[in-house]
Amino acid sequence: MVSVSSGAMAVRMRHFENPFDDYSVKSAESVITRNKISSNSSIVTELESKWAKTIRKFQNLDFRDTSVYTGTSGVALLKLLKNPNDESNLMEIKELLDLKHLKHRRHTFLCGDAGPLAIGAVVCNKLGETDEMKHLIQKLLRMQGDAVNPSSGLPDEYLYGRAGYLFALLYVNKHIEPPPVPSNTIRQVIEAILTSGKEGARSGSFECPLMYQWHDSYYLGAAHGVSGIMYLLLQAKEFLTDTEINSLIKPTIDYMARLRFRSGNYPSSLGSDNDKYIQWCHGAPGFVYLFSIAHKVFGDSKYLKLALEAGEVIWKRGLVKKGYSICHGVSGNAYCFLELYQTTKDEKHLYRAIKFAEWCINYTKDHEEHSPDRPLSLFEGIAGPMYLLLDIQKPMEAKFPGFTL
Ligand SMILES: [Zn+2]
0 MVSVSSGAMA
10 VRMRHFENPF
20 DDYSVKSAES
30 VITRNKISSN
40 SSIVTELESK
50 WAKTIRKFQN
60 LDFRDTSVYT
70 GTSGVALLKL
80 LKNPNDESNL
90 MEIKELLDLK
100 HLKHRRHTFL
110 CGDAGPLAIG
120 AVVCNKLGET
130 DEMKHLIQKL
140 LRMQGDAVNP
150 SSGLPDEYLY
160 GRAGYLFALL
170 YVNKHIEPPP
180 VPSNTIRQVI
190 EAILTSGKEG
200 ARSGSFECPL
210 MYQWHDSYYL
220 GAAHGVSGIM
230 YLLLQAKEFL
240 TDTEINSLIK
250 PTIDYMARLR
260 FRSGNYPSSL
270 GSDNDKYIQW
280 CHGAPGFVYL
290 FSIAHKVFGD
300 SKYLKLALEA
310 GEVIWKRGLV
320 KKGYSICHGV
330 SGNAYCFLEL
340 YQTTKDEKHL
350 YRAIKFAEWC
360 INYTKDHEEH
370 SPDRPLSLFE
380 GIAGPMYLLL
390 DIQKPMEAKF
400 PGFTL
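In the numbering used here, the protein residues as written are 0 to 404.
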């Protein structure tokens with residue numbers, strides 16, 4: 000999440016030197032065979048024992064937190080990835096979502112009740128429990144009030160705001176056929192995000208057409224900032240007009256590209272000259288996703304170049320000392336290379352993703368300076384690297400959980 004510290008901390012190295020040889024046909028031989036991860040790679044041979052060890056640790060989960068980000072629904076998402084169609088597994092997942100005790104307080108997929116409700120609807124659909132599925136979707140849709148009202152005070156960012164609610168709606172529609180969330184609801188959330196962004200840009204006199212604030216800062220990264228919001232909007236581009244895509248979103252992306260540090264990294268917020276974050280929530284990793292999807296939408300090679308350049312920074316500085324987490328650690332950074340591999344089909348990026356995943360396979364203290372507050376969770380704890388290790392086995396299908404549809 001935020002954790003933006005400053006002062007003396009900024010001068011010390013926040014990452015380990017990358018000890019791996021960079022990609023060459025020769026260096027890749029040991030881990031990639033015909034575009035697939037070699038069966039003798041440690042991330043294949045150790046997968047099952049790693050899974051068994053990880054799952055044992057989940058015996059005493061704290062059900063006071065049911066979020067995807069730090070709570071039981073993150074473990075549910077991991078178990079859904081591991082075995083998406085097994086009935087007894089799906090029943091266990093429902094228990095992890097703890098659907099009867101949701102308080103409908105927060106809106107988003109990652110940090111709010113929209114996550115367990117959306118996952119619950121998908122699981123009920125798989126189980127043939129149609130009435131319960133409809134009931135959960137109704138509950139999800141009843142949360143829309145603040146999300147469709149641009150003046151409600153709800154932020155727009157991904158972890159706590161409209162973009163995170165939008166993801167929950169899109170997630171349900173992607174995984175349930177026919178899509179149960181009405182298009183006009185999705186459109187209303189998008190309109191509120193655009194209205195709020197136009198107002199943010201106007202009131203701050205920005206040269207770009209959309210701008211968003213969270214906690215009095217103009218954050219730029221994936222979790223709290225503009226890059227995350229733009230990425231979500233482009234994933235929902237079928238609900239946007241050409242004018243919105245070309246006259247609002249594109250110039251906002253171009254504006255952010257100009258904010259790049261000389262190192263190739265990106266600031267965590269506007270006006271910050273602190274070039275220190277290389278993690279999904281802040282800095283270059285979030286921009287990989289944004290520029291990759293911009294390349295797909297606009298067909299302009301400048302975005303691909305920007306995505307690849309952001310990838311270089313992550314390869315150089317992405318083995319961060321904060322640890323292995325999906326949100327602000329190495330497993331989250333590994334996903335950037337999977338994104339670039341899917342975009343380019345260039346084996347180099349698969350190789351780099353494998354190397355970062357290998358780094359994650361043994362979480363020893365040597366690779367982590369601070370233990371996470373929620374050590375079992377999906378976004379801060381061990382469920383995150385486990386998710387990566389499962390997901391990377393099919394690298395063309397891997398998706399950053401709760402962020403890429
Ligand atoms: Zn984070």
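By construction, the Cβ of each residue, glycine as well, lies at the ideal position given by its N, Cα and C atoms. Remember, it's a predicted structure, so these values are computed and weren't measured experimentally.
Rounded to the nearest whole angstrom, the CA to CA distance from W213 to Q187 is 21 angstroms. For S291, the three-state secondary structure derived from DSSP is helix. Contact between L116 and L80 is absent: CB atoms are separated by about 19 angstroms, not below the 8 angstroms threshold. Going by C-alpha positions, M385 is about 7 angstroms away from W50. For L219, there is no enclosing alpha helix (DSSP H), as DSSP marks it with neither H nor E. As a beta-bridge residue in DSSP terms, S268 pairs with Y218. Counting along the chain, no alpha helix (DSSP H) covers A235, and no H or E run does either. DSSP places V147 inside the alpha helix (DSSP H), whose first and last residues are Q143 to V147. I92 has its alpha-carbon roughly 7 angstroms from the corresponding atom of K78. Set against 8 angstroms, the gap from the CB of S324 to the closest heavy atom of ligand 1 is smaller.
For I325, the secondary structure class from DSSP, reduced to helix, strand or coil, is coil. The three-state reading of DSSP puts Q212 in coil, since its state is none of H, G, I, E or B. Note that the C-beta distance between A222 and M210 is not below 9 angstroms. With three or more CB-CB distances shorter than 8 angstroms, the stretch 65-75 counts as touching the stretch 112-126.
Inclusion of H281 in the 8 angstroms shell around ligand 1 follows from its C-beta lying nearer than that to a non-hydrogen atom of the ligand. The shortest C-alpha to C-alpha distance from H106 to any of G152, M132 and N88 is the one to G152.
Rounded to whole angstroms, the Cβ separation of P400 and I292 is 17 angstroms, and the two are not in contact under 8 angstroms.
Residue environment analysis places T65 among the buried positions, since at least 16 neighbouring C-beta atoms fall within 10 angstroms of its C-beta. One Cα belongs to E357, the other to D97, and the distance between them is close to 33 angstroms. For ligand 1, no non-hydrogen atom lies closer than 8 angstroms to the CB of H14. Among the bridge pairs identified by DSSP, H281 is matched with Q278.
Of the candidates Y302, Y288 and V24, the residue whose Cα lies closest to the Cα of H294 is Y302. Annotation for H327 indicates a beta carbon within 8 angstroms of some heavy atom of ligand 1.
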